[in-house]
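J.: Here it is: the structure, laid out below.
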Amino acid sequence: MSAEKASPFDQYDPAGLPDFDHDFMDPDELDRFERALNAPEASPLVAINDWRPINQRVRKTRGRRKTPKRSKDETREGVLYTVLKWPFLFTVFAWIAFLSCGYVLVRVYIFLYEQWVTWRGKRERLRRELSSKTNYPDWRKAAQALDAHLGNEEWKQADAYAYYDSETITRVVSELKKERKRAEAELQHGRPGAAEPPAVEDLRSLLEACVKNNFAGVENPRIYSQTYSGTKDLVQEYIDEVHACIQLVLDSKQIDRDTKKQHFKQLDTNFGRTALCLSGGATFAYYHFGVVRALLDNDILPEIITGTSGGALVAGLVATRTDEELKQLLVPALAHRIRACHEGWTTWVRRWWKTGARFDTLDWAKQCSWFCRGSTTFREAYERTGRILNVSCVPSDPHSPSILANYLTCPDCVIWSAVLASAAVPGILNPVVLMYKKRDGTLAPYSFGHKWKDGSLRTDIPIKALNLHFNVNFTIVSQVNPHVNLFFFSSRGTVGRPVTHRKGRGWRGGFLGTAIEQYIKLDLNKWLRVLRHLELLPRPLGQDWSEIWLQKFSGTVTIWPKTVASDFYHILSDPTPERLARMIHVGQQSAFPKIQFIKNRLNIENTIMRGLQQCSATGRSLSPILSRRLPFPDSDDPLVERLDDNFPERHDYKGDSTDDTMSQSTFSRSHSPTSNPRRGSLMEEMRRQSAVFFDDDLYGDDYAAVT
Numbered sequence: 004m005s006a007e008k009a010s011p012f013d014q015y016d017p018a019g020l021p022d023f024d025h026d027f028m029d030p031d032e033l034d035r036f037e038r039a040l041n042a043p044e045a046s047p048l049v050a051i052n053d054w055r056p057i058n059q060r061v062r063k064t065r066g067r068r069k070t071p072k073r074s075k076d077e078t079r080e081g082v083l084y085t086v087l088k089w090p091f092l093f094t095v096f097a098w099i100a101f102l103s104c105g106y107v108l109v110r111v112y113i114f115l116y117e118q119w120v121t122w123r124g125k126r127e128r129l130r131r132e133l134s135s136k137t138n139y140p141d142w143r144k145a146a147q148a149l150d151a152h153l154g155n156e157e158w159k160q161a162d163a164y165a166y167y168d169s170e171t172i173t174r175v176v177s178e179l180k181k182e183r184k185r186a187e188a189e190l191q192h193g194r195p196g197a198a199e200p201p202a203v204e205d206l207r208s209l210l211e212a213c214v215k216n217n218f219a220g221v222e223n224p225r226i227y228s229q230t231y232s233g234t235k236d237l238v239q240e241y242i243d244e245v246h247a248c249i250q251l252v253l254d255s256k257q258i259d260r261d262t263k264k265q266h267f268k269q270l271d272t273n274f275g276r277t278a279l280c281l282s283g284g285a286t287f288a289y290y291h292f293g294v295v296r297a298l299l300d301n302d303i304l305p306e307i308i309t310g311t312s313g314g315a316l317v318a319g320l321v322a323t324r325t326d327e328e329l330k331q332l333l334v335p336a337l338a339h340r341i342r343a344c345h346e347g348w349t350t351w352v353r354r355w356w357k358t359g360a361r362f363d364t365l366d367w368a369k370q371c372s373w374f375c376r377g378s379t380t381f382r383e384a385y386e387r388t389g390r391i392l393n394v395s396c397v398p399s400d401p402h403s404p405s406i407l408a409n410y411l412t413c414p415d416c417v418i419w420s421a422v423l424a425s426a427a428v429p430g431i432l433n434p435v436v437l438m439y440k441k442r443d444g445t446l447a448p449y450s451f452g453h454k455w456k457d458g459s460l461r462t463d464i465p466i467k468a469l470n471l472h473f474n475v476n477f478t479i480v481s482q483v484n485p486h487v488n489l490f491f492f493s494s495r496g497t498v499g500r501p502v503t504h505r506k507g508r509g510w511r512g513g514f515l516g517t518a519i520e521q522y523i524k525l526d527l528n529k530w531l532r533v534l535r536h537l538e539l540l541p542r543p544l545g546q547d548w549s550e551i552w553l554q555k556f557s558g559t560v561t562i563w564p565k566t567v568a569s570d571f572y573h574i575l576s577d578p579t580p581e582r583l584a585r586m587i588h589v590g591q592q593s594a595f596p597k598i599q600f601i602k603n604r605l606n607i608e609n610t611i612m613r614g615l616q617q618c619s620a621t622g623r624s625l626s627p628i629l630s631r632r633l634p635f636p637d638s639d640d641p642l643v644e645r646l647d648d649n650f651p652e653r654h655d656y657k658g659d660s661t662d663d664t665m666s667q668s669t670f671s672r673s674h675s676p677t678s679n680p681r682r683g684s685l686m687e688e689m690r691r692q693s694a695v696f697f698d699d700d701l702y703g704d705d706y707a708a709v710t
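Note that our numbering has the sequence shown beginning at 4, numbered continuously upward.
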């Protein structure tokens with residue numbers, strides 16, 4: 004029975020979960036991981052754990068006593084630095100504490116103002132109906148009723164608005180309609196004159212001029228933040244018209260295949276791609292299940308997914324399962340598989356005293372392997388589901404850069420080891436070794452056996468790396484970090500959540516309340532940056548903790564599930580099915596207001612993907628399930644032959660007995676709609692990335708730049 008038709012009782016029954024009792028972890032793989040953890044690192048001086056630093060013993064020599072050589076910190080030296088450091092730190096911390104108290108008082112005032120002044124009467128009743136809906140169609144009807152009561156429909160009908168160029172959009176929509184009608188007329192009645200270029204050529208030129216990321220401000224979140232459902236009618240008309248025109252160019256037989264290929268390649272480069280970013284946050288990360296479920300049910304789950312710490316566990320589950328499997332898994336019964344905190348307090352205290360970590364690494368590896376479908380690598384996950392998984396990991400030494408593990412940067416890395424590394428918060432889990440899968444299927448340490456830890460320490464939301472690797476310029480961030488959630492404040496409203504008074508206009512809590520909130524938050528940020536740049540902050544456990552507060556935590560669309568006080572009490576405990584059901588519902592509710600915005604974005608992006616696919620897949624059958632599935636490149640391509648020499652294991656992988664995944668070589672010979680989900684091979688994606696900088700014609704027409 005599917006999750007959509009399952010009764011509430013079935014959603015709590017663990018027997019309905021796919022592979023619920025299947026143990027994906029091979030004992031030999033766990034043994035190899037344990038040996039890698041216990042092996043000495045390349046550096047001769049390695050701390051036992053985060054809480055026990057290195058203390059080098061100096062042997063005494065006979066006769067003259069020699070002073071041991073010590074390295075000098077070139078920055079932290081000087082008389083004034085030594086004298087002023089601690090008084091300055093004490094003063095700044097005292098001011099930060101004062102500002103924090105003031106910030107709490109301001110937020111309490113704004114909360115009381117909104118609850119007692121604005122949410123009353125029919126408005127409050129409609130809002131309660133809105134929060135009770137469990138699916139998006141019902142939620143949208145309730146949101147439209149609330150918009151009608153507040154008079155937001157009039158705002159939608161008026162074209163002018165300060166946060167986008169309505170005049171340009173009006174002209175573009177008019178030109179697109181005119182050229183589309185001309186092209187459709189030529190398709191039905193033929194061209195009036197052979198000497199004149201076809202109308203579809205003019206339409207193609209118009210699309211290349213207007214299909215760009217945030218063209219004329221149509222993707223500005225502010226134009227989706229004035230109503231509970233939808234946006235300006237003109238903006239929606241533009242999105243629908245662009246989609247219809249792209250589809251017309253795709254279906255037109257008046258444009259040759261090479262011209263279409265170059266056209267859709269240009270649109271793809273200019274428009275960019277969308278990624279879903281799941282933040283860390285310990286057990287707060289289980290709210291991500293609801294966010295993913297809302298996107299999945301509405302067919303707008305992006306192919307590029309990144310996760311950090313707790314979010315990496317959710318991203319690993321999503322990236323290794325197909326859509327049908329996810330619909331069966333993202334239910335309250337999943338709580339029966341979440342057993343990371345099953346041990347008692349006495350065991351935790353004893354382990355922390357011995358190892359400096361609260362949880363056992365090997366036990367977490369075994370638990371995590373079920374969510375990541377065993378020792379699946381990043382490349383294997385991409386080949387099975389078509390989803391591009393990214394996991395942020397930070398090296399245990401403070402000097403090396405962090406990495407964004409994916410099927411391009413480390414394709415053979417095992418996902419569960421990256422998830423563990425991304426969740427290795429000092430004091431909670433000791434740094435771990437990443438593992439990779441060799442040609443014979445056995446596991447070995449990755450990157451010389453160096454150890455890695457929590458990605459949230461530096462890059463909770465790796466926006467720059469995603470843009471570098473996959474041309475991502477539209478990010479959907481599900482943010483649940485508790486230390487960040489407390490300071491989130493949408494002063495002018497957010498997507499699908501307008502300001503509660505003055506029909507969505509103005510500032511939350513009035514101009515004065517918002518001004519004070521913004522000043523205090525900026526002043527807190529300023530003093531934290533001063534301490535970091537002057538290198539005055541202590542570094543407990545040898546870690547610079549300033550990035551926990553000073554990095555970017557939001558995206559183009561930021562989803563903030565509403566937490567409750569009990570979440571802090573259960574921050575390091577496994578959820579019950581009832582508590583997970585509430586978290587899934589809250590996660591869905593927080594995603595519903597963003598769905599229309601995301602749909603508009605992916606409506607155009609997916610049509611471009613379909614154009615790239617069809618223009619580069621002549622003579623091959625295409626999957627009817629998802630238009631974004633791509634074929635494998637021709638085996639006689641010279642670039643593919645060179646890459647195959649470097650990655651021969653992509654032809655050797657056969658999958659396990661319980662996996663329905665075919666080997667790549669088999670797939671390339673018999674590409675059928677049911678043989679592979681969604682997307683194509685690693686080589687296709689690498690080719691697409693290089694196409695941003697190089698001409699595709701260098702390697703021939705059969706190997707197009709596709710995404």
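From the three backbone atoms N, C-alpha and C, an ideal C-beta is built for every residue, glycine too.
Can you tell which of H588, S481, E211 and E244 has its C-alpha closest to the C-alpha of K184?
T.: K184 has its Cα closest to that of E244, out of H588, S481, E211 and E244.
J.: Distance check for I523 and D457, CA to CA, integer angstroms please.
T.: Going by the C-alpha atoms only, they are around 29 Å apart.
J.: L528 lies in the alpha helix (DSSP H); which residues open and close that run?
T.: Here residue 528 turns out to be Asn, not Leu, going by the sequence shown. Per DSSP, N528 belongs to the alpha helix (DSSP H) from G513 to H536.
J.: Around the C-beta of A39, are 16 or more other C-beta atoms found within 10 angstroms, so that it is buried, or is it exposed?
T.: Flag for A39 reads buried.
J.: Spatial neighbours of M586 within its chain, please: C-beta separation below 8 Å, excluding the five flanking residues on both sides.
T.: Closer than 8 Å at Cβ, skipping near neighbours: Y289, Y290, F292, G293, P564 and P578.
J.: If you run the structure through DSSP and keep just helix, strand and coil, what is F595?
T.: Three-state result, F595: helix.
J.: With a Cβ-Cβ cutoff of 8 Å, do P17 and H246 count as a contact?
T.: No, the pair does not count as a contact, with Cβ atoms beyond the cut-off.
J.: Go through the stretch 169–237 residue by residue and report every complete run of the alpha helix (DSSP H) that reaches 4 residues or more, in order.
T.: Listed in chain order, they are 169–192 and 202–213.
J.: Could you check which residue in I303, H453 and Q118 has the C-alpha nearest to that of P43?
T.: Among I303, H453 and Q118, the Cα nearest to that of P43 belongs to H453.
J.: DSSP has K454 in a bridge; who is on the other side?
T.: Paired residue(s): V436.
J.: Could you give the first and the last residue of the continuous alpha helix (DSSP H) run that contains T358?
T.: W348 to T358 is the extent of the alpha helix (DSSP H) around T358.
J.: According to the Cβ coordinates, are N273 and V221 closer than 8 Å?
T.: Taking 8 Å as the Cβ cut-off, N273 and V221 do not qualify as a contacting pair.
J.: Apart from the five residues just before and just after A145, which ones in its own chain have a Cβ nearer than 6 Å to its Cβ?
T.: E132, L133 and K136.
J.: Quick one: using the 10 Å Cβ neighbour count with 16 as the cut-off for buried, is V107 buried or exposed?
T.: Result: exposed.
J.: When the distance is taken between beta carbons, is T309 closer than 8 Å to L469?
T.: Result yes, Cβ atoms of L469 and T309 sit closer than 8 Å.
J.: Taking DSSP as the reference, what is the three-state secondary structure of T478?
T.: In this structure, T478 counts as strand in the three-state DSSP scheme.
J.: For the stretch 600–608 against the stretch 203–213, are there 3 or more C-beta pairs whose distance is under 8 Å?
T.: As far as the Cβ criterion goes, the stretch 600–608 does not touch the stretch 203–213, which means the pair count is below three.
J.: Spatial neighbours of R495 within its chain, please: C-beta separation below 6 Å, excluding the five flanking residues on both sides.
T.: So no residue of the chain qualifies.
J.: Ignore the nearest five residues each way along the sequence and tell me which others in L92's own chain have a CB closer than 6 Å to its CB.
T.: So the qualifying residues of the chain are L539.
J.: Could you compute how far the alpha carbon of L446 sits from the alpha carbon of P404?
T.: Each residue's alpha carbon lies about 24 Å from the other.
J.: Is V397 helix, strand or coil by DSSP?
T.: Reduced to three states, the DSSP call for V397 is strand.
J.: Alpha carbon to alpha carbon, how far is H588 from A594? Give it in angstroms, no decimals.
T.: Approximately 10 Å between the Cα atoms of the pair.
J.: Beta-carbon separation of N484 and F374 under 8 Å?
T.: Cβ distance not < 8 Å, so N484 and F374 don't count as in contact.
J.: Assuming R500 contacts P596 (C-beta within less than 8 Å), just tell me the rounded distance between them.
T.: The pair is a contact, with the Cβ atoms about 6 Å apart (cut-off 8 Å).
J.: Hey, how far is the Cα of K268 from the Cα of R260?
T.: Each residue's alpha carbon lies about 12 Å from the other.
J.: Over the uninterrupted beta strand (DSSP E) stretch that includes T277, give me the two end residues.
T.: First-last of the beta strand (DSSP E) with T277: R276 to L281.
J.: Using only alpha-carbon positions, find the residue among K235, S378, Q617 and V334 that is nearest to D26.
T.: Of the candidates K235, S378, Q617 and V334, the one whose C-alpha sits nearest the C-alpha of D26 is S378.
J.: Measure from the alpha carbon of V203 to the alpha carbon of each residue in Y164, Q257 and A163, then state which is nearest.
T.: Ranking Y164, Q257 and A163 by Cα distance to V203 puts Q257 first.
J.: Tell me which residues share the same chain as G509 and place their Cβ nearer than 7 Å to its Cβ, disregarding the 5 neighbours each side in the sequence.
T.: Closer than 7 Å at the Cβ level, and outside the excluded window around G509, lie V502.
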